[in-house]
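Asker: Let me begin by handing over the structure; questions about it come next.
Residue numbers (the UniProt record's numbering): 1 to 201.
This is the structure:
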């Protein structure tokens, strides 16, 4: 049972780290939350009119499209989640190592450096099935997936439809791992060639 307690606390730490990073750096924040102690004084004073304003708006929009298309905010959240969960003594070296693992995973050479390990996923399942019935409901399954940060998952991951309202541990773990790997692959995918991306716009 000691191992289960360690898994539960480890999962809790990773979940808290991910949520903290999301709310602090990725979520919508007011200017007061960004700079609570200086108020209005920090805002840059710019006098932009006409063509300059349109150019600035176009640049901002293009920058936002670039970051969004390449899932950069999500990837930064992934990196920061790892940092907060692991709290390495040497964060820069840790990030270099993590980026290397991501590149090697992208090339199919190593296992994915997921924020949630199979142990965390199993711990999540156990928290949804505390009396160890051997299955959870589809509603619990959806809650578990969303708690792990997975938005796009199979409505029912069971390969056998003998009991369509229940999800067992193997199916839960398999689907969560598949979705987390897919999300990481999409975040670190090599960008398409310039002529391909221009043609699709």
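Heads up, the beta-carbon is just placed ideally off N, CA and C, and yes, glycines get one too.
Just so you know, these numbers come straight off a predicted model, no measurement behind them.
Would you decide whether residue 14 is buried or exposed? Buried here means 16 or more other CB atoms lie within 10 Å of its CB.
Answerer: Against the chain shown, residue 14 aligns to sequence position 14. Under this definition residue 14 is a buried residue.
Asker: Is residue 192 helix, strand or coil when you go by DSSP?
Answerer: Taking the first residue of the chain shown as position 1, residue 192 is located at position 192. Reduced to three states, the DSSP call for residue 192 is coil.
Asker: Taking the alpha-carbon positions, what's the residue 52 to residue 71 distance?
Answerer: As a working mapping, residue 52 is identified with position 52 in the chain shown. As a working mapping, residue 71 is identified with position 71 in the chain shown. Looking at the two C-alpha atoms, the distance is approximately 28 angstroms.
Asker: What residues are listed by DSSP as bridge partners for residue 166?
Answerer: In the chain shown, counting from the first residue as 1, residue 166 sits at position 166. The partner list for residue 166 (beta bridge, DSSP) reads 137.
Asker: Tell me which residue opens and which closes the alpha helix (DSSP H) that residue 89 is part of.
Answerer: To locate residue 89, count along the chain shown from 1; it is residue 89. Careful: residue 89 lies outside any alpha helix (DSSP H) and carries neither H nor E.
Asker: Return the chain-ordered ranges of every beta strand (DSSP E) run that is complete within the segment 98-150 and spans a minimum of 3 residues.
Answerer: Runs found: none.
Asker: Measure the CB-CB distance between residue 124 and residue 149 and report whether it falls below 9 angstroms.
Answerer: Taking the first residue of the chain shown as position 1, residue 124 is located at position 124. Taking the first residue of the chain shown as position 1, residue 149 is located at position 149. Against a cut-off of 9 angstroms, the Cβ pair of residue 149 and residue 124 comes out as no contact.
Asker: Alpha carbon to alpha carbon, how far is residue 84 from residue 157? Give it in angstroms, no decimals.
Answerer: By 1-based counting over the chain shown, the position of residue 157 is 157. By 1-based counting over the chain shown, the position of residue 84 is 84. Cα to Cα, residue 157 sits roughly 31 angstroms from residue 84.
Asker: For residue 73, name the three-state secondary structure that DSSP assigns.
Answerer: Mapped onto the chain shown, residue 73 falls at position 73. Three-state result, residue 73: helix.
Asker: Pop quiz: residue 154 and residue 175 are said to be a contact at Cβ under 8 angstroms. What is the actual Cβ separation, rounded to whole angstroms?
Answerer: As a first step, residue 154 must be located in the chain shown, where it is residue number 154. As a first step, residue 175 must be located in the chain shown, where it is residue number 175. The Cβ separation is near 6 angstroms, so the contact holds.
Asker: If you measure between the beta carbons of residue 184 and residue 76, is that distance less than 9 angstroms?
Answerer: Looking up residue 184 in the chain shown gives position 184. Looking up residue 76 in the chain shown gives position 76. Against a cut-off of 9 angstroms, the Cβ pair of residue 76 and residue 184 comes out as no contact.
Asker: Can the beta-carbon of residue 91 be found less than 9 angstroms from the beta-carbon of residue 102?
Answerer: As a working mapping, residue 91 is identified with position 91 in the chain shown. As a working mapping, residue 102 is identified with position 102 in the chain shown. It is not a contact, given that the beta carbons lie outside the stated cut-off.
Asker: Is the beta carbon of residue 110 sitting closer than 9 angstroms to the one on residue 141?
Answerer: Taking the first residue of the chain shown as 1, we reach residue 110 at position 110. Taking the first residue of the chain shown as 1, we reach residue 141 at position 141. Taking 9 angstroms as the Cβ cut-off, residue 110 and residue 141 do not qualify as a contacting pair.
Asker: So for residue 53, helix, strand or coil by DSSP?
Answerer: Within the chain shown, the letter at position 53 stands for residue 53. Helix.
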